[in-house]
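According to this note's numbering, the sequence shown is numbered sequentially starting from 12.
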Amino acid sequence: MIGHLRGQLVDKRPNQLLVDVNGVGYLVSIPLSTFYALGELHQDITLLVHTHLREDSIALYGFLTAREKHFFELLISASGVGPALALKILSGMSVDELLPAIRAGDLVRLTRIPGVGRKTAERIVVELRDKLAAMEPPQPERVPAAGRTQLESDVVSALLNLGYDRRAAEKALEEVAGNGRGARAGANAMQSFEALLRATLQQLSHPAKAAAPSGASNP
Numbered sequence: 012m013i014g015h016l017r018g019q020l021v022d023k024r025p026n027q028l029l030v031d032v033n034g035v036g037y038l039v040s041i042p043l044s045t046f047y048a049l050g051e052l053h054q055d056i057t058l059l060v061h062t063h064l065r066e067d068s069i070a071l072y073g074f075l076t077a078r079e080k081h082f083f084e085l086l087i088s089a090s091g092v093g094p095a096l097a098l099k100i101l102s103g104m105s106v107d108e109l110l111p112a113i114r115a116g117d118l119v120r121l122t123r124i125p126g127v128g129r130k131t132a133e134r135i136v137v138e139l140r141d142k143l144a145a146m147e148p149p150q151p152e153r154v155p156a157a158g159r160t161q162l163e164s165d166v167v168s169a170l171l172n173l174g175y176d177r178r179a180a181e182k183a184l185e186e187v188a189g190n191g192r193g194a195r196a197g198a199n200a201m202q203s204f205e206a207l208l209r210a211t212l213q214q215l216s217h218p219a220k221a222a223a224p225s226g227a228s229n230p
């Protein structure tokens, strides 16, 4: 079993990265939270790894924090939740958002994640609620909304790969990009892509907030 990898970051995508460890390239599937926190290419990184054995292959799932790896392993312990769906869940909502949603049995929040139907959400709540007691209380984090127009098609493509509906993805992107254009003109392309993707996911996860009137802005 592979427990962790330390090597050079050769390539990174929103759902996968390639790590060179002493000349051997390892493809590792990751959630978006790990993608956001990665450094620049060709830097050394250390990943905590969950090794998933299949009949004909070995799949690696990587995380930058023990907390996220632990939550991933809790998710795949639930009936009907495999590694691919667990990654989608962690990409659709952060651990800090998932903890209160599961504790409260908030099926509406959980079923907004692509691939999570009502029955799956119910199983997650029933089977994991008690197991989450040992995890620390959630700490809310603020996600910046910023991006550049030329990156919008890349963001939509990433959202489609995560299972989101094209129309919903494009609508959320329009809301975010309309508010964030030009806000970070000095940021490099990858930083802007990550921020725009992250903010669009936040918009998709909180439609009620997105629908709130914006006339209460400061004069």
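We treat Cβ as the ideally placed atom computed from N, Cα and C, and that holds for glycine.
Residue pairing by DSSP puts Gln19 in a beta bridge opposite Asp31 and Asp55. Inside the segment 50-134, DSSP marks whole alpha helix (DSSP H) runs of 4 or more residues at positions 77-87, 94-103, 106-114 and 118-121, from first to last along the chain. Bridge pairing for Tyr37: Val30 [DSSP]. Counting of Cβ neighbours within 10 angstroms places Gln54 among the exposed residues, the total staying below 16. Contact between Leu139 and Leu85 holds, with the beta-carbon distance rounding to 6 Å and staying under 8 Å. Nearest to Leu16 by alpha-carbon distance, out of Thr57, Pro25 and Glu51, is Thr57.
CA-CA distance, Ser90 to Leu98, rounds to 15 Å. If you compare the alpha carbons of Ala77, Leu173, Pro25 and His63 with that of Ile87, the shortest gap goes to His63. Per DSSP, Leu143 lies in no alpha helix (DSSP H) and is assigned neither H nor E.
Counting of Cβ neighbours within 10 angstroms places Leu38 among the exposed residues, the total staying below 16.
Contact annotation, Pro125 with Gly174: C-beta distance approximately 3 Å; criterion of less than 8 Å satisfied.
Counting C-beta atoms within 10 angstroms of its own C-beta, Leu59 has 16 or more neighbours from the protein chains shown and is therefore classed as buried. Between Val30 and Gly18 a beta carbon distance of about 5 Å is seen, short of the 8 Å cut, so the two are scored as contacting. Under the DSSP assignment, Leu43 falls in the alpha helix (DSSP H) whose first and last residues are Leu43 to Ala48.
With respect to the C-alpha of Phe204, the residue from Gly36, Leu171, Ser216 and Asp165 having the closest C-alpha is Asp165. Cβ contact annotation for Val136 (same chain, cutoff 6 Å, sequence separation greater than five): Ile113 and Gly116, in chain order. Distance from the CA of Val92 to the CA of Phe83, rounded to the nearest whole angstrom, comes to 10 Å. Looking at Ala210, Glu79 and Ser68, the one whose alpha-carbon comes closest to that of Glu185 is Ala210. A straight line joining the alpha-carbon of Thr45 with that of Thr122 spans about 22 Å.
Classified as exposed, Ser168 has fewer than 16 neighbouring CB atoms from the shown chains inside 10 Å of its CB.
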